[in-house]
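Those protein sequences? They're chains A and B, same order as listed.
Everything in the first sequence is counted per the working numbering, starting at 308 for the first residue and increasing by one.
Everything in the second sequence is counted per the working numbering, starting at 809 for the first residue and increasing by one.
A quick write-up on the structure given underneath.
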Amino acid sequence: MKKDKTVEKQVKEIVDRYGAEKSSLIAILQDMQGAFGYLPKDALIFLNEVVDVPLARIYEVATFYNAFSLTPRGKYLVEVCAGTACHVTGALTLMERLERDLEIRCGETTGDGMFTLEQVRCLGCCSLAPVMRIGGNIHAYLTQDEIPKILRNYRQ
Amino acid sequence: MSKIKTLDDLNQAGKRGLAALIPSRIKIMVGMATSGIASGAQEVYNALEAEIKERNLDIILSRTASMGMDCMEPLVDVLLPGKPRLAYSKMTAKKAPALLDQVAKGTIEAIKPFYRMDEEEFIVLGGAKRYFKGAAPAYLRGIPTIQEIPFYKKQVKIATRNCGLIDPESLDEYIAKGGYFSLYKALTGMKPEAIVADVIASGLRGRGGGGFRTGLKWKSCRDAEGEIKYVICNGDEGDPGAYMDRSVMEGDPHSVIEGMIIGAFAIGSHEGYIYVRNEYPLAVKNLAFAIAKARKCGLLGKNIFETGFDFDIKISKGAGAFVCGESTALMASLEGAAGEPRAKYIHTVEHGLWDRPSNLNNVETWANVPAILTRGGKWFAGIGAKNSTGTKVFSLVGKINNIGLVEVPMGTPLKDIVYEIGGGIPGGRKFKAVQTGGPSGGCIPEKLIDLPVDFDELRKAGSMMGSGGMIIMDDRTCMVDIAHYFIEFLESESCGKCVPCREGIRRMKDILEEICAGKGQAGDIELLQEMSKAIIDGSLCALGGSAPNPVLSTIQYFRDEYEAHISEKRCPAAVCKALIAYSIDKKKCTGCGVCRKKCPVKCITGEKKKPHVIDRKKCIKCGACYESCKFDAVTVK
């Protein structure tokens, strides 16, 4: 019960930041995603109580946009850029290597909760293709060879 | 910072900016746009900062964004008083001490500059300004000027005029480059109708993809009934392979803001929104900083330039949905809903955001507006092609030597962009095609290399301008795989509202997947063409309406590749995994063992200094051996 109180408090704080209108919904969900690492079910149900938007609408928005996740993400988000420049320079090979090395599929989180592997629609770093972003850091001109070492660095 | 209310205030700010841009002390600028930072610019900046502090040097260290040649980053510019400005490419933190040594000595011995700049343009405050008097110093004569670098030679910069030259956080520097003088001129000396007329005269067409005439859009919105109207900036640059809007938002945010204020005044709006992609954190940061600063100085808010005109801007962050680049979907997203487009016959200039008249233009379009007002619509109309005036920024990426952002007059032949500016294909490989227009565009083959690039010519060739991504492909790019790539992208980004788009694209993806897997059947090509027609006819928005383009254009120009996949079960470019096999050329293999060590599934065997062999049954075709072999002994067919 105590944990729920803190969830409610955090949601309230976020709602106060943007106002309880429908037009603030995406900004509110973005901050919730940032605060919790995903959109927990109880937080969304509570959000429905404080903003003037039906829960079905909240769910619609939460599942429509790629930035939101209804399941917890790992400590580091591993995003392989799937832009065209990255695709023609071998992004698929990187993704396959990551899937093999992390022993998960794209969209999943490793058992130890360290990494979530995702594909991202173009980071706009096409001049550095192919690229991958881990925890906000962009790794440029990446080859599959470098992946084990990079992952090791984040594990430490 | 004091308020900017009068022309005198503007001139004062401009003077301060000029003194910051060309100071009487040594100045070092580090290019710190997203791509610069990703290639190590932050480390370079930190190293320079620490070294300057330790040596107690009298040097100004500042940040700027990108001038476009991203493949040479990190770029560091050095400006000594009374000397040409020198650009150093591919800088590293390690090289920082040596750079400072030679800067202090005024030499170029240790690290050779990439190019030099002799002058910089200050349109309003006195035209071009040379950094030095007389001829260039003798020791710099071997260094090419920026105009002599093939990458920059044919470029004409309007939308990206300030990118990489100013500190994006400095309002004074933007004003020194002529910024906000257009706004002053518009607000104090022009009628809104005259502004609209000037933009119509410029012939400016929307840079986001559609190519609709900007001035006419403004006029329709101005004429629309309603007390409250909105101007919106579309910064949801979703086309994969395009990043010019990111570059402008990061490198010159005030140009977008100024364009929007001018547009708002012309249309009669007092509220503006900038919708920025979630994937562009630095663009959001720099825009937010610039808006706050403009507001603080009175350039946004109430009573701008004491003319009684009020206008303010809010930033909205997208949440990762390609379809939100479509204007009606973007407005739905601004309202806090899922970004689903609606029928086009209800015009957003009459019924847009919250059902009120709304004028939406993209980042590059807005950035052109202040330049048009400064020099006049006629000047702009004199650049470029007949029905596509001005310049266009392209992101030249993929299999090309000089990767980066280029701004060229409309109508520049594709050949000049690929071979002169782009410097051709790396590794001496063969140019095969260029993909333009993002997922809604198409592939233009080598035989059309002389094509002048403008809105109409690209459309005639079966592609489109889109936001300006140009992805160069060589003989190692499979066109069926590319078609599959775009269709897969659109399948996951289709909002699902229209059935032909939602289900049709999915089925097209299935067919392409089968073809790539070697399971294609006779008649597949015709079926793809037939489905394309139904999807184009049956979709509300441009996403569905143009989704089949990548498939149609690749079938049109590269039908032989489709046929090779279907009837011969062969991928001519050796990309589709189901149809390729790796082997080692015994004659070329030196037995160095690198591939054996790199193979993640240990399917390569062989003794030292003797030819190695790949066990095809175990091979997962990851290509690690191919990438690592220095002797070209690994082949793929």
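The C-beta atom is built at its ideal place from N, Cα and C for all residues, glycine as well.
No experiment lies behind these values; they were computed from the predicted model shown.
Between the beta-carbon of residue i and the beta-carbon of residue j, is there less than 8 Å?
i: Ser1347 of chain B; j: Cys1303 of chain B; result: no
i: Glu1066 of chain B; j: Leu1351 of chain B; result: no
i: Gln340 of chain A; j: Phe375 of chain A; result: yes
i: Pro379 of chain A; j: Tyr325 of chain A; result: no
i: Ile365 of chain A; j: Leu377 of chain A; result: no
i: Ser1248 of chain B; j: Gly1206 of chain B; result: no
i: Ile408 of chain A; j: Pro437 of chain A; result: A small correction: the amino acid at residue 408 of chain A is Asp; Ile does not occupy that position in the sequence shown. It is not a contact, given that the beta carbons lie outside the stated cut-off.
i: Ala1072 of chain B; j: Phe1119 of chain B; result: yes
i: Leu1204 of chain B; j: Ile1225 of chain B; result: yes
i: Leu1168 of chain B; j: Ile1040 of chain B; result: yes
i: Ile1456 of chain B; j: Thr391 of chain A; result: Chain B is shown only over 809 to 1445; residue 1456 of chain B falls outside these bounds and no answer can be derived.
i: Ala1179 of chain B; j: Val1056 of chain B; result: no
i: Gly1049 of chain B; j: Gly876 of chain B; result: no
i: Ile1003 of chain B; j: Ala994 of chain B; result: yes
i: Gly1312 of chain B; j: Met1272 of chain B; result: no
i: Met1339 of chain B; j: Arg1314 of chain B; result: no
i: Ala849 of chain B; j: Pro892 of chain B; result: no
i: Ala1325 of chain B; j: Ala1386 of chain B; result: yes
i: Asp1060 of chain B; j: Asn970 of chain B; result: yes
i: Asp452 of chain A; j: Lys1406 of chain B; result: yes
Tell me the DSSP bridge mates of residue i?
i: Ile445 of chain A; result: A:Arg440
i: Cys388 of chain A; result: A:Val427
i: Ser1203 of chain B; result: B:Leu1213 and B:Gly1277
i: Met925 of chain B; result: B:Arg893
i: Asn970 of chain B; result: In the DSSP output, where bridge partners are listed per residue, Asn970 of chain B has none listed.
i: Ser330 of chain A; result: BP columns for Ser330 of chain A are empty, so no partner.
i: Ser1124 of chain B; result: B:Tyr1083
Looking at the secondary structure, which residues open and close the beta strand (DSSP E) in which residue i lies?
i: Tyr1083 of chain B; result: Glu1079 to Val1084
i: Cys1041 of chain B; result: Tyr1038 to Gly1043
i: Thr378 of chain A; result: Thr378 of chain A -> no beta strand (DSSP E), and no H or E assigned at all.
i: Ile1112 of chain B; result: Gly1109 to Ile1112
i: Gly839 of chain B; result: Ile834 to Gly839
i: Tyr896 of chain B; result: Arg893 to Tyr896
i: Ser1456 of chain B; result: Not covered by the structure: residue 1456 of chain B. The range shown for chain B is 809 to 1445.
i: Thr1156 of chain B; result: That residue, Thr1156 of chain B, is in no beta strand (DSSP E); it is neither H nor E in DSSP.
i: Arg1013 of chain B; result: Element bounds for Arg1013 of chain B: n/a, residue is neither H nor E.
i: Phe371 of chain A; result: Unbroken run through Phe371 of chain A is the alpha helix (DSSP H), Leu362 to Phe371; no beta strand (DSSP E).
i: Asn1176 of chain B; result: No beta strand (DSSP E) holds Asn1176 of chain B; the alpha helix (DSSP H) holding it covers Val1171 to Arg1183.
i: Asp885 of chain B; result: Val884 to Leu887
Under a CB-based cut-off of 8 Å, is residue i close to chain C?
i: Asn373 of chain A; result: This model lacks chain C altogether, as its protein chains are A and B.
If you follow the alpha helix (DSSP H) that residue i is part of, which residue opens it and which one closes it?
i: Ser793 of chain B; result: Only positions 809 to 1445 of chain B appear in the structure, and residue 793 of chain B is not among them; the question remains open.
i: Asn1094 of chain B; result: Pro1089 to Lys1104
i: Leu979 of chain B; result: Leu979 to Ala984
i: Asp1345 of chain B; result: Asp1332 to Asp1345
i: Gly1059 of chain B; result: Met1052 to Gly1059
i: Arg863 of chain B; result: Ala849 to Arg863
i: Asp1289 of chain B; result: Met1287 to Glu1301
i: Leu435 of chain A; result: Looking at the DSSP string, Leu435 of chain A is not in any alpha helix (DSSP H), and its letter there is neither H nor E.
i: Val1307 of chain B; result: Val1307 to Cys1324
In chain A, which residues lie with their C-beta within 8 Å of the C-beta of residue i?
i: Cys879 of chain B; result: Ser434
Going along chain A, which residues have a C-beta under 7 Å from residue i?
i: Arg1315 of chain B; result: Residues of chain A passing the Cβ test: none, with the nearest at roughly 21 Å.
i: Asn1086 of chain B; result: Ala374
i: Ser843 of chain B; result: Cys432, Ser434 and Leu435
i: Arg1054 of chain B; result: Gly431
I want to verify the contact list: residues of chain B whose CB lies under 8 Å from the CB of residue i, in sequence order.
i: Thr416 of chain A; result: Those within 8 Å of Thr416 of chain A in chain B number zero; the least Cβ separation is about 18 Å.
i: Thr450 of chain A; result: Glu1435
i: Gly390 of chain A; result: Pro1048 and Gly1049
i: Lys329 of chain A; result: Glu1143, Gly1144 and Ala1145
What does residue i reach in chain B if we use C-beta pairs closer than 9 Å?
i: Thr400 of chain A; result: Cys1430, Gly1431, Ala1432 and Glu1435
i: Val438 of chain A; result: Ala846
i: Ile333 of chain A; result: Ser1124, Lys1125, Gly1126, Ala1127, Ser1141, Leu1142, Gly1144 and Ala1145
i: Ala447 of chain A; result: Ser843, Ala846, Ser847 and Gly848
Quick one: list the residues of chain B neighbouring residue i, beta-carbon separation under 7 Å, in chain order.
i: Leu430 of chain A; result: Glu1087
i: Glu367 of chain A; result: Ala1146
i: Ile403 of chain A; result: First, the residue type needs correcting, since residue 403 of chain A is Glu and not Ile in the sequence shown. The contacting residues are Cys1430.
Please compile the residues from chain A whose C-beta is within a distance smaller than 9 Å of the C-beta of residue i.
i: Pro1000 of chain B; result: Correct list: empty, because the minimum Cβ distance to chain A is about 28 Å.
i: Gln1243 of chain B; result: Thr391 and Val395
*Ranges of the alpha helix (DSSP H) found wholly within the stretch 1214-1270 of chain B, counting only runs of at least 4*: 1263-1268
_Contiguous beta strand (DSSP E) assignments of at least 3 residues, all confined to the stretch 1363-1415 of chain B_ = 1390-1392
*Can you list, in chain order, the stretches of the alpha helix (DSSP H) that have 4 or more residues and sit fully within the stretch 897-959 of chain B?*
904-913
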